[in-house]
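Asker: Here's a structure for you.
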Amino acid sequence: MITVKFPDGATRDYAVGTTGTTVVESISKSLAKKTVAMRRNGELSDLSELMENGDVIEFVLRDDEAALELIRHDAAHVLAEAVQELWPDTQVTIGPVIENGFYYDFSRDEPFSMDDLKTIEKRMGQIIQRGASFTKEVWSREEAKRVFKAKGEDFKIELIDAVKEGEDLNIYKQGQWFDVCRGPHMRTTRDVGQAFKLTKVAGAYWRGDSNNPVLSRIYGTAWATKEQLAEHLHMIEEAEKRDHRKLGREMDLFHLQEEAQGSVFWHPKGYVIFRAVESYIRRKLDNAGYQEIKTPQLLDIKLWEKSGHWEKFRDGMFVVPDEVPAEDDNAPVLSGNAKLMALKPMNCPAHVQVFNQGIKSYRDLPLRLAEFGCCHRNEAHGALHGLMRVRQLTMDDAHIFCREDQVQDETKKFCDLLDSIYHDFGFEDVNILLSTRPEVRAGTDEIWDKAEGDLGDALEATGRSFTIEEGEGAFYGPKLEFHLKDAIGRSWQCGTLQLDFVLPERLDASYIGEDSARHRPVMLHRAILGSLERFIGILIENHAGRMPMWLAPVQCVVATIVSDADEAALKVVEQLKAAGLRVESDFRNEKINYKVREHSVAKVPAIFVIGKREAEEGSVSVRRLGAQGQTVMSVEEAIAALASEAVPPDLRD
RNA sequence: GCCGCCGUAGCUCAGGGGUAGAGCACUCCAUUGGUAAUGGAGAGGCCGACAGUUCGAAUCUGUCCGGCGGCACCA
4 MITVKFPDGA
14 TRDYAVGTTG
24 TTVVESISKS
34 LAKKTVAMRR
44 NGELSDLSEL
54 MENGDVIEFV
64 LRDDEAALEL
74 IRHDAAHVLA
84 EAVQELWPDT
94 QVTIGPVIEN
104 GFYYDFSRDE
114 PFSMDDLKTI
124 EKRMGQIIQR
134 GASFTKEVWS
144 REEAKRVFKA
154 KGEDFKIELI
164 DAVKEGEDLN
174 IYKQGQWFDV
184 CRGPHMRTTR
194 DVGQAFKLTK
204 VAGAYWRGDS
214 NNPVLSRIYG
224 TAWATKEQLA
234 EHLHMIEEAE
244 KRDHRKLGRE
254 MDLFHLQEEA
264 QGSVFWHPKG
274 YVIFRAVESY
284 IRRKLDNAGY
294 QEIKTPQLLD
304 IKLWEKSGHW
314 EKFRDGMFVV
324 PDEVPAEDDN
334 APVLSGNAKL
344 MALKPMNCPA
354 HVQVFNQGIK
364 SYRDLPLRLA
374 EFGCCHRNEA
384 HGALHGLMRV
394 RQLTMDDAHI
404 FCREDQVQDE
414 TKKFCDLLDS
424 IYHDFGFEDV
434 NILLSTRPEV
444 RAGTDEIWDK
454 AEGDLGDALE
464 ATGRSFTIEE
474 GEGAFYGPKL
484 EFHLKDAIGR
494 SWQCGTLQLD
504 FVLPERLDAS
514 YIGEDSARHR
524 PVMLHRAILG
534 SLERFIGILI
544 ENHAGRMPMW
554 LAPVQCVVAT
564 IVSDADEAAL
574 KVVEQLKAAG
584 LRVESDFRNE
594 KINYKVREHS
604 VAKVPAIFVI
614 GKREAEEGSV
624 SVRRLGAQGQ
634 TVMSVEEAIA
644 ALASEAVPPD
654 LRD
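Converting from the first sequence to my numbering requires adding 3 to each position, the first position being numbered 1.
Structure (structure tokens):
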């Protein structure tokens, strides 16, 4: 006899050899019907597992949140079976669950087409209908390798070799088809249900390494119900509507073109946003004790060699020979002997140069040097993406030179500043990651121990929670990453704080301490918005183009109904301008419906409509973006309301 | 950089071996209309670039360039 416990504390006795299935069936038929897996001593597990004495079990129903992962995992298996049924010469590799779905990587000569996806979906539907049971077997490594070798599954052999010693090698069968898998799975393929869809095909490297062969990856999404699937697909559509590249074109904010691949042409309206963001950050930094500087674009590569960037990031730097190219067609355009300069990919070495001028005292620390540094990075072609990934970017960058015992205080000050800034932009949900030493790095292990410890301690002292990301730090030091959630739940990494003991050493930065000896300062690299280009992209998507008043490129349009109102309207325009608002007028000979639609589509937050009536009584009819109707009020009242709304958040009372 | 898909008017897209179409936008004319599209006319394209096949290529093939979706990268 064995005893099984339930979460509510109840216990039941069963014969040895009892499985989860037997247990749930002994409780209630209807419960058994809905149960697809179990949580056994806290861990998700197959319902068919044998129970052991003292096990605490909790049943996982198909509608439970926890079942989603299983649905997606099983869907990945069904996908693989479907593909191998349709194209038996295809090799299978891995098929994990990801956010909102799953994928499976296949090795195949012919890549999959979008039409193939339809065919595969259909076959998946049939496999699910068949409802084969998932059954687990434990094989020896030799046996598994022999079987997969015979099937020509070379990638699986590598995976089998990667399973840790001492760990069971599980084979999950679903009918005739089987795969090496850690599990767990639901009862049968039928439990996957029909709320799934294959979404895209893409290339992906085997084991994520670009030296390895490229596999064909099929992405899919799967949900418990058709409603959830529909909701998810709707969400994707919403995200597409917010695409900043599309909105940027429609709203005439910026453009990109071949001749300056990856660099932004800001149009007047877009640059209004850029300047509003930059001025705001400048005020915040001024108030937080930073001093703004401006450093050169082109610096001799000798400096980059010294700093270590040359060695690590040479392939991402734009290098410029300091030489006039020859015009003679027969001569080489460049001699190859010129001194080499590089466009700065980041500001830190230049900031150290500023720090190094003159002699710094401990009394000068912490010294906070800020720069809206324009940096160039030769990003891979495939990486470029609208404003999100560009080759010329402007960072709200700053470097804090301080003593080691000031790190904690500076970290706290930084976190507070960051919170207030994100709050002002309307981002309240911030997730913090601490990234530790990467494989390729500068500095000794001792220095890294210290840096990681200091940064972790400092963050802990602020009382914020964070998660650790092993191996994701910068080459010169550990870093904090600040990820913020946007209006539709997507996460963006923006802020960063990096602790650096290495660069001050390499570039020989020092200050005179109280003991009148020379000391190395610690350097904190930090940014809050990251690249302004990217941050503006995020703002556009977060607001779906409907920028808050203080950031809206055009804050108000004054539109007339009849030309008799032009004179009064012109006065209102002048008054709005005098109040510091960005205003446009629309006195065209068009119907008011037409004008309202046009400016609404252009996402102008306020339209002041003036007809005969308003002109006579000195009022305006105010129509706000997104509102159904409009409000008539006095010109003064309307302007005051708009002006107060247009005050940047840091300047409000 | 790698894999796949795509490239026709400013934008969104249709078409397709015999030299090009729609809607919106644009220009002009009429309309002075009360809150998300007034009517009419006009103009606008080396069908991404180069090469090949062909009597003939925007259409088929190849190469390149660019865009998109992923992957890799992200100081």
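Where is the CB? At the ideal position from N, CA and C, for every residue including glycine.
Would you tell me roughly how many angstroms separate the C-alpha atoms of Arg537 and Met391, rounded to the nearest one?
Answerer: Stepping through the first sequence from its first residue, residue 537 is reached at position 534. Stepping through the first sequence from its first residue, residue 391 is reached at position 388. Straight-line Cα distance between these residues: approximately 4 angstroms.
Asker: Spatial neighbours of Leu120 within its chain, please: C-beta separation below 6 angstroms, excluding the five flanking residues on both sides.
Answerer: The count along the first sequence starts at 1 and reaches residue 120 at position 117. Cβ within range, chain order: Leu201.
Asker: According to DSSP, which residues form a beta bridge with Gln94?
Answerer: Position 91 of the first sequence, counted from the first residue, corresponds to residue 94. DSSP, once it has assigned bridges, lists Ser110 as partnering Gln94.
Asker: According to the neighbour-count rule (16 or more other Cβ atoms, all chains shown, within 10 Å of its Cβ), is Gln558 buried or exposed?
Answerer: If you number the first sequence from 1, residue 558 lands on position 555. Gln558 should be labelled buried.
Asker: Buried or exposed: Arg1, going by 16 or more other Cβ atoms within 10 Å of its Cβ?
Answerer: Any property of residue 1 remains undetermined from this structure, which presents the chain solely from 4 to 656.
Asker: Alpha carbon to alpha carbon, how far is Asp164 from Leu288? Give it in angstroms, no decimals.
Answerer: Translated into positions along the first sequence, residue 288 becomes position 285. Translated into positions along the first sequence, residue 164 becomes position 161. Approximately 54 angstroms between the Cα atoms of the pair.
Asker: Once the 5 residues before and after Glu648 are set aside, which same chain residues still bring their CB inside 8 angstroms of it?
Answerer: Within the first sequence, the letter at position 645 stands for residue 648. Here the set comprises Met552, Trp553.
Asker: Residue ranges of each alpha helix (DSSP H) run of no fewer than 4 residues wholly in the stretch 318-404, ordered along the chain?
Answerer: Counting only unbroken stretches of 4 or more residues, the alpha helix (DSSP H) elements lying wholly within the stretch 318-404 are 351-359, in sequence order.
Asker: How do the stretch 481-495 and the stretch 241-254 stand: do at least 3 beta-carbon pairs fall below 8 angstroms, yes or no?
Answerer: yes
Asker: Report buried or exposed for Leu542, applying the criterion of at least 16 other Cβ atoms within 10 angstroms of its Cβ.
Answerer: Residue mapping note: residue 542 aligns to position 539 of the first sequence, counting from 1. Residue environment analysis places Leu542 among the buried positions, since at least 16 neighbouring C-beta atoms fall within 10 angstroms of its C-beta.
Asker: Could you say which of Arg111, Pro99, Asp212 lies nearest to Trp90 if we only look at CA atoms?
Answerer: Within the first sequence, numbered from 1, the residue matching residue 90 stands at position 87. Out of Arg111, Pro99, Asp212, Arg111 has the C-alpha closest to the C-alpha of Trp90.
Asker: Near Glu308, which residues of its chain fall below 6 angstroms by C-beta distance, leaving aside the five closest residues on each side in sequence?
Answerer: Here residue 308 is taken as the residue at index 305 of the first sequence, counted from 1. Same-chain partners within the cutoff: there are none.
Asker: What does the alpha-carbon distance come out to for the pair Gly251 and Val275?
Answerer: For the purposes of this step, residue 251 is identified with residue 248 of the first sequence, where counting begins at 1. For the purposes of this step, residue 275 is identified with residue 272 of the first sequence, where counting begins at 1. Cα to Cα, the separation comes out at about 13 angstroms.
Asker: What's the gap between the Cα of Val604 and the Cα of Ser622?
Answerer: Counting from 1 along the first sequence, the entry for residue 604 is found at position 601. Counting from 1 along the first sequence, the entry for residue 622 is found at position 619. Near 25 angstroms, if we compare the C-alpha coordinates of Ser622 and Val604.
Asker: CB Asp589 to CB Val635, shorter than 8 angstroms?
Answerer: Against the first sequence, residue 589 aligns to sequence position 586. Against the first sequence, residue 635 aligns to sequence position 632. No, these two residues do not count as a Cβ contact at 8 angstroms.
Asker: For Phe268, which option in Pro524, Gly389, Glu124 has the closest C-alpha, if you only look at C-alpha atoms?
Answerer: In the first sequence, counting from the first residue as 1, residue 268 sits at position 265. Considering only alpha carbons, the answer is Gly389.
Asker: Kindly indicate which three-state DSSP category Arg286 falls into: helix, strand or coil?
Answerer: If you number the first sequence from 1, residue 286 lands on position 283. It is helical.
Asker: If contacts are defined as beta-carbon pairs under 8 angstroms, then Pro352 and Leu396 qualify, I think. What distance do you get, rounded to the angstrom?
Answerer: Counted from its first residue, the first sequence places residue 352 at position 349. Counted from its first residue, the first sequence places residue 396 at position 393. No, Pro352 and Leu396 are not in contact; Cβ-Cβ is about 17 angstroms, not under 8 angstroms.
Asker: Suppose only complete runs of 4+ residues qualify. What are the alpha helix (DSSP H) ranges in the stretch 443-520, listed by chain order?
Answerer: 448-464, 505-509
Asker: For Leu368, count the other beta carbons within 10 Å of its own beta carbon; 16 or more makes it buried, fewer makes it exposed. Which is it?
Answerer: By 1-based counting over the first sequence, the position of residue 368 is 365. Around the beta carbon of Leu368, 16 or more other beta carbons lie within 10 angstroms, which makes this residue buried.
Asker: Starting from Phe417, follow the alpha helix (DSSP H) in both directions and report where the run begins and ends.
Answerer: Within the first sequence, the letter at position 414 stands for residue 417. Phe417 -> alpha helix (DSSP H) spans 410-427.
Asker: Counting along the chain, where does the alpha helix (DSSP H) carrying Asp164 start and finish?
Answerer: Within the first sequence, the letter at position 161 stands for residue 164. Its alpha helix (DSSP H) spans residues 157-165.
Asker: Just how far apart, CA to CA, sit Pro652 and Asp427?
Answerer: For the purposes of this step, residue 652 is taken as residue 649 along the first sequence, with counting starting at 1. For the purposes of this step, residue 427 is taken as residue 424 along the first sequence, with counting starting at 1. Those two C-alpha atoms are separated by around 6 angstroms.
Asker: Can you tell me whether Tyr274 is helix, strand or coil according to DSSP?
Answerer: Looking up residue 274 in the first sequence gives position 271. Note: Tyr274 maps to helix in three-state DSSP.
Asker: Find out if the Cβ-Cβ distance for the pair Leu346, Phe358 is shorter than 8 angstroms.
Answerer: The residue labelled residue 346 in the question sits at position 343 within the first sequence. The residue labelled residue 358 in the question sits at position 355 within the first sequence. No, these two residues do not count as a Cβ contact at 8 angstroms.
Asker: In whole angstroms, what separates the C-alpha of Leu502 from that of Ala477?
Answerer: Taking the first sequence and counting its residues from 1, one reaches residue 502 at position 499. Taking the first sequence and counting its residues from 1, one reaches residue 477 at position 474. Looking at the two C-alpha atoms, the distance is approximately 9 angstroms.
Asker: Looking only at its own chain, which residues have a Cβ that is under 7 angstroms from the Cβ of Phe375, when we skip the five neighbours before and after it?
Answerer: Position 372 of the first sequence, counting from 1, holds the residue named residue 375. Excluding sequence neighbours, Phe375 sits near Glu281, Thr397, Asp399.
Asker: For the alpha helix (DSSP H) holding Ile642, just list the boundary residues, first then last.
Answerer: Here the question's residue 642 lines up with position 639 in the first sequence. From DSSP, the alpha helix (DSSP H) with Ile642 extends over 638-648.
Asker: Tell me the residue span of the beta strand (DSSP E) that contains Lys148.
Answerer: By 1-based counting over the first sequence, the position of residue 148 is 145. Careful: Lys148 lies outside any beta strand (DSSP E), inside the alpha helix (DSSP H) at 144-153.
Asker: Taking Cβ to Cβ, would you say Phe115 is nearer than 8 angstroms to Ala78?
Answerer: Numbered from 1 along the first sequence, position 112 holds the residue referred to as residue 115. Numbered from 1 along the first sequence, position 75 holds the residue referred to as residue 78. It is not a contact, given that the beta carbons lie outside the stated cut-off.
Asker: To the nearest angstrom, how far is the alpha carbon of His247 from that of Phe277?
Answerer: Walking along the first sequence from the start, residue 247 turns up at place 244. Walking along the first sequence from the start, residue 277 turns up at place 274. Near 14 angstroms, if we compare the C-alpha coordinates of Phe277 and His247.
Asker: Provide the residue span of the alpha helix (DSSP H) that contains Gly23, from first to last.
Answerer: The count along the first sequence starts at 1 and reaches residue 23 at position 20. Gly23 -> alpha helix (DSSP H) spans 23-30.
Asker: So the candidates are Lys249, Ser266, Glu262, Lys272; which of them puts its Cα closest to the Cα of Leu1?
Answerer: For residue 1 there is no data in the structure shown, the boundaries of the chain being 4 and 656.
Asker: Check whether the Cβ atoms of Leu420 and Ile531 sit closer than 8 angstroms, and answer yes or no.
Answerer: The sequence position of residue 420 within the first sequence is 417, counting from 1. The sequence position of residue 531 within the first sequence is 528, counting from 1. Yes, these two residues count as a Cβ contact at 8 angstroms.
Asker: Per DSSP, what kind of secondary structure is Phe538 in: helix, strand or coil?
Answerer: Sequence index remark: in the first sequence, residue 538 carries index 535 (1-based). In the structure shown, Phe538 sits in a helix (DSSP, three-state: H, G or I).
Asker: For Gly466, count the other beta carbons within 10 Å of its own beta carbon; 16 or more makes it buried, fewer makes it exposed. Which is it?
Answerer: Within the first sequence, numbered from 1, the residue matching residue 466 stands at position 463. So Gly466 counts as exposed.
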